[in-house]
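Heads up: the sequence shown begins at 1432 in this note's numbering, then just goes up one per residue.
The beta-carbon is built from N, C-alpha and C at its ideal position, and this holds for glycine as well.
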Amino acid sequence: MTKGLIQILQEDFGLSDDQFKEAAKIKSEKGGSTGEILVSKKIISEKQLLETFSKQYDIPFWPELPFNNTGFDFTRHVPIQFLKKYVMVPFKTTGDKKEKTPAEHEPRMEPENSDGTKYVIALNDPTRFQAMDDLIRILTLDDVHIVLAAKDTILSAINISYDFSRDSAEQLVQTMEENGDTIIDEIEETADLLDDTSDAPIIKLVNHIISQSTKARASDIHIEPFQDSFKVRYRVDGILYDLLAPPKWIQPALTSRIKVMAKMNIAEKRLPQDGRFDVKIGDQDIDVRVSTIPTSFGERVVLRLLNKSGSLLTLSDLGFVPEKLEQIKELVRTPHGIILVTGPTGSGKTTTLYAILTSIHKPDINIITVEDPIEYQIKGISQIQVNPKIDLTFARGLRSIVRQDPDVILIGEIRDRETAEIAVQSALTGHLVFSTLHTNDSASAITRLVDIGVEPFLISSSVISVMAQRLARVLCSDCKKPYSPDELALRSIGITPDQLKNSHICRAAGCENCFNTGYKGRAGIFEIMIMEDNLKSLILKTYDSNIIKKEAIKRNMGSLRQDGVKKILTGTTTIEEIIRVTQR
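Shown next, in the form of structure tokens:
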């Protein structure tokens, strides 16, 4: 070690004495290392710090890890918590005898095994030599080479290693003994959390199901019992896929394990139950909502997975075409009125409302929501969770909200007359109100409100816009293929020859990046009905949704299918997908 950290940073990156003094002051007050403080204050980047460590300690810095741990299963001997705490990962590389000059970021390693393999430990902090020595001793390694790597790179490598080391679901099922009583005893002993170190096969199986579903970006897991079998399926991008079909005798144990995790009554199998639990998989925090119902062949279980680690989407991420995005931005600037979002369950209504709230959220606006459930916590917004057990309903929560002097109110869903009437009164008294309804299109929302019991003249004077939406699967960018559809297919979706000019229509192919489905992710298709004067007058005469829709289309409202056609012509999705989500 010829030079110190400060000297190298000054020579290579031009840090000033004042910057070091600032770091030293923080270090004396709060602790930590000088390097970490400089990175946290954005004076230097993590890469620059690691390059400095590389010079200081004469340890090579690798920007990427050539990660291939085939044949080196350290995961059975080293707890994942140990590696994450000290931010280090061991791996094995195969030397390339033909390579004459190693790349700049690769270590010059001479000693290696006869087959060319080299054992390497990647560190983020070279001062943690004690933990590194412990790791070498646990794995009984010789000729270990040390490299430096970024924190995210190392954590990603750790997660990959432990994910691939898990037993497959089929192997786990095969190792179980056909003894339901023993399995139930194992469940009750490990009651409260997902325990990665547990040897109980049923616990491993549940862990594996949740882990694989999360990896596949699933939104739900379905455990469905039949007379002589049961099936585990997961929903990805709105479509259910088979995950596993274990033997029937495993069903009660699997159900009981999930009910224990969700703090539900495992003895009660005759009544529906609801529960929830949190689990951490790698660097992802998953909120799991559990629902059970009794059927003729056992309890049917649905787990809804909500990834709390994902960031909230913005309006521009939702899939609005430019003109509709401008419409939405103009509508949400309205000082008062009701904006409704409609669509079936799982069509992304709540996500759209969260994106709208995020876009208008400012320090000078008071936003309060009442939801069931609260799906995402939004910083700076007061959110109320509905709780029918203590009579905290939408209507009761909404009455209390109005006395809190809000500017903007979000109601999770309008379900009854009382809630609808309070929402209307709030809009008429100067509040901007957002809510959802379960209807098939925007015009049907008017019919639904009248059916609930809201007077047509109140609807026409309070509702400023109704937006219907669906979620269409987006073609995988790695494998989608352009093609020329036949005339019948074009006619079925309403695409004219003129629209085909300067456009390319694609179809799904399938690759390993999209689990051979041909699709990866979803985007919204929308229709926005703005309540202009002519529509308000029409509602006072009739609330027939067909008549209202025809009038709205005359006034240039683009329908769901027309919005879908625009996404077909840009190669975003397929004809089949738009027909599926907009079928009349």
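The C-beta separation of Asp1705 from Gly1952 comes to about 29 Å, leaving the pair out of contact by the 8 Å criterion. Scanning its chain for C-beta atoms nearer than 7 Å, with the 5 sequence neighbours on each side dropped, one finds around Ala1874 the residues Met1960, Ser1976, Ile1979, Lys1980, Ala1983, in chain order. Under the Cβ criterion (8 Å, minimum of three pairs), the region 1745-1756 does not count as touching the region 1826-1843.
Sequence-distant Cβ neighbours of Asp1673 in its own chain, meaning closer than 6 Å and more than five residues away, are Arg1664. In the three-state reduction of the DSSP assignment, Phe1560 falls in the helix class, which pools H, G and I. Each residue's CA atom was taken as its position, placing Ser1464 and Ser1587 some 24 Å apart. Bounds of any alpha helix (DSSP H) do not take in Ile1681, whose DSSP letter is neither H nor E.
For Asn1797, there is no enclosing beta strand (DSSP E), as DSSP gives it neither H nor E. If you look at Val1721, you'll find it in the beta strand (DSSP E) that goes 1715-1726.
Check the Cα spacing between Lys1997 and each of His1935, Asn1965, Gln2014: the tightest is with His1935.
The closest CA to that of Val2012, considering only Gly2002, Ala1580, Gly1995, is found on Gly1995.
For Cys1910, no pairing in a beta bridge is given by DSSP.
Here the C-alpha atom of Asp1709 lies approximately 27 Å from the C-alpha atom of Pro1775.
Approximately 6 Å separates the beta-carbon atoms of Arg1986 and Glu1963; this is inside 8 Å, confirming the contact. Counting the other Cβ atoms within 10 Å of the Cβ of Tyr1785 gives 16 or more, which makes it buried. Contact annotation: His1508 and Leu1570 have beta-carbon atoms nearer than 8 Å.
When the five nearest sequence neighbours on each side are left out, the beta carbons in the same chain lying within less than 7 Å of the beta carbon of Lys1679 are those of Asp1659, Ser1660, Phe1661, in order along the chain.
Considering only Ile1589, Leu1480, Lys1458, the residue with the shortest C-alpha distance to Gln1512 is Ile1589.
Taking 8 Å as the cut-off, the Cβ atoms of Gly1955 and Gly1777 do not count as close.
Secondary structure of Arg1701 (DSSP, three-state): coil. Scanning its chain for C-beta atoms nearer than 7 Å, with the 5 sequence neighbours on each side dropped, one finds around Thr1726 the residues Pro1656, in chain order. In the DSSP assignment, Leu1743 forms no beta bridge with any residue.
Rounded to whole angstroms, Ile1890 and Ile1799 show a C-alpha spacing of 22 Å. Between the region 1869-1886 and the region 1845-1860, the count of C-beta pairs closer than 8 Å reaches three or more; the two stretches touch. The bridge partners DSSP lists for Glu1958 are Ala1899. Secondary structure in the region 1965-1994: the alpha helix (DSSP H) runs of 4 residues or longer, each lying completely within the stretch, are 1976-1985 in chain order. One Cα belongs to Ala1454, the other to Leu1469, and the distance between them is close to 6 Å. In the three-state scheme derived from DSSP, where H, G and I count as helix and E and B as strand, Ile1567 is classed as helix. For His1639, the three-state secondary structure derived from DSSP is helix. Minimum Cα-Cα distance from Arg1701 among the listed residues Thr1686, Glu1730, Gly1713, Ile1475 corresponds to Glu1730. Collapsing the DSSP output to three states places Glu1495 in coil. Sequence-distant partners of Val1894 (beyond 5 residues in either direction) whose C-beta falls short of 6 Å from its own C-beta, in its chain, are Ile1769, Met1962.
The Cβ-Cβ distance between Leu1829 and Val1801 falls below 8 Å. In the structure shown, the three-state DSSP call for Met1695 is coil. Taking the CA atoms as reference points, Ile1926 sits about 41 Å from Arg1848.
Straight through space, the alpha carbons of Lys1646 and Pro1677 are spaced by roughly 20 Å.
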